[in-house]
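Take a look at the structure set out below.
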Amino acid sequence: MLELKGNGFILREWEINDAPWLQKNANNYKISDFLLDQFPSPYTLEDANNWIALNLNQEPVLNFAIVIGGKVSGVIGIVPRTDVYRLSPLLGYWLAEDYWGKGIMTEAIKIFTNYCFKELDYIRIQANVLGNNPASMRVLEKAGFKLEGVLRNAMVKNDVILNEHIYGHCKA
Ligand SMILES: CC(C)(COP(=O)(O)OP(=O)(O)OC[C@H]1O[C@@H](n2cnc3c(N)ncnc32)[C@H](O)[C@@H]1OP(=O)(O)O)[C@@H](O)C(=O)NCCC(=O)NCCS
2 MLELKGNGFI LREWEINDAP WLQKNANNYK ISDFLLDQFP SPYTLEDANN
52 WIALNLNQEP VLNFAIVIGG KVSGVIGIVP RTDVYRLSPL LGYWLAEDYW
102 GKGIMTEAIK IFTNYCFKEL DYIRIQANVL GNNPASMRVL EKAGFKLEGV
152 LRNAMVKNDV ILNEHIYGHC KA
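Its first residue numbered 2, the sequence shown is counted upward by one per residue in the numbering used here.
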């Protein structure tokens, strides 16, 4: 069982019994409003089980559960890309609302990015952020990412047209 330790939390592989806490914490419009439409909302127990089935025994591990006090309280992972983008996957993450503002995701991104560079041989991690999500932009900056560009009117979320902020972090 791969486990990466943070201050007050761990990033670990998925377990079959994670679905109830995943469902409870993911089922929040304040989270889904800032993610792709493919993130289920409302988030059901079936959605949680589907996610776990996709990620159970993943090799290499690309998606970690963020576990606080034994409970799944968030997710951090990458979506690999192909062709000329194969060394620069896209980062995604969310944290249970109860734990916002404590620096947890900043540290989780640092730990996870380090893992991607050292263990998975990626050379760049990219995050695409909705233009109405300053908390996520701030977290990325604190974790060492740079704002590399703003794509105007690139996204539509909840019927609102938004700019897309592209953040990147390259292996030293
Ligand atoms: C974005 C998210 C992951 C942040 O996690 P977190 O653990 O609370 O982040 P941290 O505590 O490490 O840092 C949050 C920073 O954002 C800042 N922040 C929060 N809300 C803000 C706002 N509305 N405007 C500007 N900055 C804001 C905080 O002040 C803090 O910065 P500081 O340390 O300089 O004060 C969490 O809010 C979340 O899961 N949001 C919903 C899902 C999401 O947006 N995912 C990312 C999609 S790209």
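Glycine included, every Cβ here is placed at the ideal spot set by N, Cα and C.
Item, Value
"Any non-hydrogen atom of ligand 1 within 7 Å of Tyr100 CB", "yes"
"Cut-off 6 Å between Cβ atoms - residues of its own chain near Asn28, not counting five sequence neighbours on either side", "Pro43, Tyr44"
"Under the three-state DSSP convention, the category Asn64 falls into", "strand"
"The region 131-148 touching the region 56-67, judged by at least three CB pairs closer than 8 Å", "no"
"Strand pairing of Ala128, partner residues [DSSP]", "Tyr168"
"Between the CA atoms of Asp99 and Val80 - distance to the nearest angstrom", "26 Å"
"Supposed close pair Ser74, Asn26 - CB separation, criterion 8 Å", "6 Å"
"Contact test: Phe146 Cβ vs ligand 1 heavy atom, cutoff 7 Å", "no"
"Burial state of Trp15, where buried means 16 or more other Cβ atoms lie within 10 Å", "buried"
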